[in-house]
Amino acid sequence: MNRIQNVFNNKKADEKLMSLFITAGYPDMESTVDLILGFEENGADIIELGMPFSDPLADGPTIQHSSDVAIQNGITMNKIFEMVKEVRKQSEIPIILMGYMNPVLRYGVSAFTQKAAEAGVDGLIIPDIPLEEDGIIKEHAATNNLDVIHLVAPNTSDSRMKLADENSQGFVYCVSVTGVTGARDGDEVSKSVSRFIERVRSNITQNPVMVGFGIKTHNDAQNIASNADGFIVGSALIDTIKNHYPNEGWQSELFSFVHSLKFGN
Amino acid sequence: MNTQTKTATYNFPDERGYYGQFGGKFVPEILIPAIQELEAEFNKAKVDPEFNAELAELLDEYVGRPTKLTFANRLTEHYGKAKIYLKREDLCHTGAHKINNAIGQVLLARRMGKKRIIAETGAGQHGVATATACAKFGLECIVYMGEEDMVRQKLNVDRMRLLGAEVRNVTSGSKTLKDATNEAIRDWVTNVDTTFYIIGSVVGPHPYPMMVRHFHEVIGNEAKEQIQHYEGRNPDYLLACVGGGSNAIGFFYPFIEDEAVKIIGIEAAGFGVDSGKTAATMSKGTPGILHGSLSYLLQSDEGQIELAHSISAGLDYPGVGPEHAHLKDLGRVQYHAVTDEEAMDAVKLLSKTEGIIPALETAHAFAWLEDLMPETSEDEIVMINLSGRGDKDMGTISDYIRDND
Ligand SMILES: Cc1ncc(COP(=O)(O)O)c(C=O)c1O
């Protein structure tokens, strides 16, 4: 069984799975593997490893910044595969590569999916590949047993949600608000999100659903994901790193934040 | 002598928005409803007599169309070869072709009930055109512009503000057109329900390249009729500058099936095609995805977008419209590049021979005459799209002349 399915199968009824996004190569090249392992130790169930792109047009300033830094640090696709291999020596946590299509296309879709699978990657999230364009990656991903995870948003129609469900494996990513990534006022998000998740639940029946965008505390997560299988946090982690790096103890600050996201303390 | 043979019919894009292998709609799910709605509404509007009548009236009474076709007698004498005609888009209201598209899209926005308009701009000409159209229709207008471009096109920033637009300076990345486009798309993702994004060239996700082409076809359609009037036949050569490629496609498209017409697009080589400081996407680029479509791109081996360079802000872009990528691969259009210096020489030549100061973008097309004209003969005709006037560039031109002469 694949690792993503596995974590959903083992999930306790009242538990919310936590998926954490971190940009590969941020804040430096050496830390990424340690961060992933530390996240797992502190409650992460799934890792979304960001493949940096120079022009991340669905991202807010936080992830733009982390991508710029990672590119300056010399991140490459092959180095990302190396990081995943390194994690795989010690951990079976599901790893999803997340990023824009252009670097993947440049690498070669066939070579990319093959190398990713060999390294131990479990799935892909590519926000600028909507259902209309997923022919560019679908077969290659399937051949290499990589899950392709599609996104749905509050303005996605019922019929498109059903299509997203049919064409996704692993889970479906629910974008809680229309907008770019970045920390928002969690109370604002949770007000509007419940009707959306209700609609998601009635249309998406084959896959688990994870909710992301705008979650930055345990409370946000519990409110926003109350009717979902779990939640995704990204920008709030990057912001935490930005606030503490490279001060002594920056990693333990980050890990205790991660712990509090999942467990509330 | 030109006979009017037709090539096999040219029918792009296909229903998925592809021009051969290029094009498509590579956008986040959030934008899909918006581009679906836009495509449906555009398809209705373009065959709606009422919409077309209103557009035609605005183009006539407000934009000042049809623009003239001018015989460039002294430039023709200068080269002593083919006759040179100029399609005078510089005479459009606001000084460039960009207003054709801005007016068309504003009419669509109004039809769709969207009251908030956003746009990106490089040279500021599209920003000015959009701000102008919004002023005319009383719509809110926000223009994203790279910080570097705001300096080199200061006059246009002041114009946009006077026209009531809010100009937001973009400080990310290269601080030029690419980054302004990123910011505009981020705004669109965030405000998709209320906002209409007026893209300024034949770039972006389908249906934009098709729609922007449609609103600029008037350039080629008029020119075709006008050259018939003067010469009784098609020209032998068409020449236009290519940034994203909107003035070029509007000028070329009505001639695409006329096989005997040789069509040439000129990009900005910046310091030189191989200098590493260039915007020559077709000469140096490789296929990739940026701003919602698959086309040629200046990018690294890792697929990171490279910074373009051109003295002309409107050509300073690492991508190009997908239809141009296809026309290049088909071999139907030849693409070449000229340097900053060659473009500046062309500014001086056109100013002195014809009394027309061209935009720096436009000057790139004229610079190619140095290569093209020796190959032509006196019984041939070259028609150039004079996409805009140079007032906005006077600061850059003066600085350049002071530093280099
Ligand atoms: C006068 C003029 N010509 C050409 C261009 C380049 O754009 P396009 O290639 O879309 O015509 C610009 C862009 O700002 C312009 O202002």
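Heads up: the protein sequence lines correspond to chains A and B, in order. Last residue of the first sequence: 810 (my numbering), numbering continuous. Last residue of the second sequence: 406 (my numbering), numbering continuous. Think of the CB as a built atom: it goes at the ideal place given N, C-alpha and C, for glycine as much as any other residue.
From B:148, B:78 and B:199, residue whose alpha carbon lies closest to that of residue 135 of chain B: Taking the Cα of residue 135 of chain B as reference, the smallest distance to any Cα among B:148, B:78 and B:199 is reached at B:199.
Mind pulling the chain B residues with CB within less than 7 Å of residue 701 of chain A? Residues of chain B with a Cβ closer than 7 Å to the Cβ of residue 701 of chain A are, in chain order, 30.
Measuring from the CB of residue 773 of chain A, is there a heavy atom of ligand 3 at a distance below 6 Å? Ligands present in the displayed structure are limited to ligand 1, and ligand 3 is not among them.
Apart from the five residues just before and just after residue 174 of chain B, which ones in its own chain have a Cβ nearer than 6 Å to its Cβ? Counting only Cβ-Cβ distances below 6 Å, and skipping sequence neighbours, we find 180.
Take residue 801 of chain A and list the residues in its own chain whose beta-carbon comes closer than 7 Å to its own, dropping the five residues that flank it on each side. No residues qualify anywhere along the chain.
Excluding the 5 residues flanking residue 580 of chain A on each side, which residues of the same chain have their C-beta closer than 8 Å to its C-beta? Take residue 580 of chain A, set aside five residues on each side of it, and the residues of its chain with a beta-carbon closer than 8 Å to its own are 567, 796 and 799, in chain order.
Looking only at C-alpha atoms, which of A:730, A:694, A:741 and A:792 sits nearest to residue 549 of chain A? In terms of Cα proximity to residue 549 of chain A, the closest of A:730, A:694, A:741 and A:792 is A:694.
If we cut at 7 Å on Cβ distances, does residue 646 of chain A have a partner in chain B? It does; some Cβ of chain B falls within 7 Å.
I'd like to know whether the C-beta atoms of residue 289 of chain B and residue 648 of chain A end up nearer to each other than 7 Å. In this structure, residue 648 of chain A does not lie closer than 7 Å to residue 289 of chain B by Cβ.
Whole runs of the beta strand (DSSP E) within the stretch 556 to 610 of chain A, excluding any shorter than 3 residues: If we require 3 residues or more, the beta strand (DSSP E) runs fully inside the stretch 556 to 610 of chain A come out as 562 to 568 and 591 to 596.
Buried or exposed: residue 10 of chain B, going by 16 or more other Cβ atoms within 10 Å of its Cβ? Label assigned to residue 10 of chain B: exposed.
Going by C-alpha to C-alpha distance, which of A:640, A:788 and A:658 sits closest to residue 578 of chain A? If we check each option's Cα against that of residue 578 of chain A, A:640 comes out closest.
Evaluate residue 208 of chain B with the Cβ neighbour count: other Cβ atoms within 10 Å of its Cβ, from every protein chain shown; 16 or more gives buried, anything less gives exposed. Flag for residue 208 of chain B reads buried.
So does the stretch 74 to 82 of chain B actually touch the stretch 91 to 111 of chain B, counting three or more Cβ pairs closer than 8 Å? Because the criterion of three Cβ pairs below 8 Å is not met, the stretch 74 to 82 of chain B and the stretch 91 to 111 of chain B do not touch.
Is there at least one non-hydrogen atom of ligand 1 closer than 6 Å to the beta-carbon of residue 157 of chain B? Every heavy atom of ligand 1 is 6 Å or more from the Cβ of residue 157 of chain B, so no.
If you count every other CB in all the chains shown that lies within 10 Å of the CB of residue 348 of chain B, and 16 or more means buried, which is it? So residue 348 of chain B counts as buried.
On the CB-based measure, 16 or more other CB atoms within 10 Å of its CB, does residue 808 of chain A come out buried or exposed? Under the 10 Å beta carbon count, residue 808 of chain A is surrounded by fewer than 16 other beta carbons and is classified as exposed.
Measure how close the beta-carbons of residue 686 of chain A and residue 669 of chain A come, nearest whole angstrom, since I'm counting them as under 8 Å. About 6 Å; that satisfies the 8 Å criterion.
Boundaries of the beta strand (DSSP E) in which residue 211 of chain B is found, first to last residue: Careful: residue 211 of chain B lies outside any beta strand (DSSP E), inside the alpha helix (DSSP H) at 209 to 232.
Closest to residue 623 of chain A by CA distance: which of A:739, A:682, A:696 and A:661 is it? Nearest to residue 623 of chain A by alpha-carbon distance, out of A:739, A:682, A:696 and A:661, is A:661.
Got a sec? Which residues, its chain only, sit under 6 Å from residue 1 of chain B by beta carbon, not counting five neighbours each side? Look at the range of chain B in this structure, 2 to 406, and you will see that residue 1 of chain B is not part of it.
Can you pull the chain C neighbours of residue 720 of chain A, defined as C-beta to C-beta under 9 Å? Although the question refers to chain C, the structure presented lacks it and instead comprises the protein chains A and B.
Cross-chain neighbours of residue 187 of chain B in chain A, by beta carbon under 7 Å: In chain order: 602 and 725.
Check the DSSP bridge columns for residue 358 of chain B and list the partner residues they point to. Answer is none; residue 358 of chain B lacks a bridge partner.
C-beta contact flag for residue 280 of chain B and residue 271 of chain B at 7 Å: Between residue 280 of chain B and residue 271 of chain B, the C-beta gap is smaller than 7 Å, which places the two residues in contact.
Tell me whether the beta-carbon of residue 130 of chain B lies closer than 7 Å to the beta-carbon of residue 99 of chain B. Using a Cβ distance threshold of 7 Å, residue 130 of chain B and residue 99 of chain B count as a contacting pair.
Between B:316, B:86, B:353 and B:312, which has its C-alpha nearest residue 342 of chain B's C-alpha? For residue 342 of chain B, the nearest C-alpha among the options comes from B:312.
Beta carbon of residue 172 of chain B nearer than 7 Å to that of residue 146 of chain B: Taking 7 Å as the Cβ cut-off, residue 172 of chain B and residue 146 of chain B do not qualify as a contacting pair.
Less than 7 Å between C-beta atoms, sequence neighbours within five positions excluded: which residues of the same chain meet that for residue 628 of chain A? 569, 577 and 578, listed in sequence order.
Within the present structure, is the beta-carbon of residue 363 of chain B separated from the nearest heavy atom of ligand 1 by less than 6 Å? Correct: residue 363 of chain B has its Cβ closer than 6 Å to ligand 1.
Closest Cβ-Cβ distance between residue 170 of chain B and chain A: below 7 Å? Chain A contact via Cβ: absent.
Whose CA, out of A:608, A:769, A:603 and A:783, lies closest to the CA of residue 721 of chain A? When only C-alpha atoms are compared, the closest one is A:769.
Tell me which residue opens and which closes the alpha helix (DSSP H) that residue 642 of chain A is part of. Unbroken run through residue 642 of chain A is the beta strand (DSSP E), 640 to 644; no alpha helix (DSSP H).
Using alpha carbons as the reference points, say which of B:321, B:345 and B:59 lies closest to residue 336 of chain B. Here the closest residue by C-alpha is B:321.
Give me the Cα-Cα distance between residue 360 of chain B and residue 767 of chain A, rounded to the nearest whole angstrom. In this model, residue 360 of chain B and residue 767 of chain A are separated by some 57 Å (Cα to Cα).
Taking buried to mean at least 16 other C-beta atoms within 10 Å of its own C-beta, is residue 696 of chain A buried or exposed? Label assigned to residue 696 of chain A: buried.
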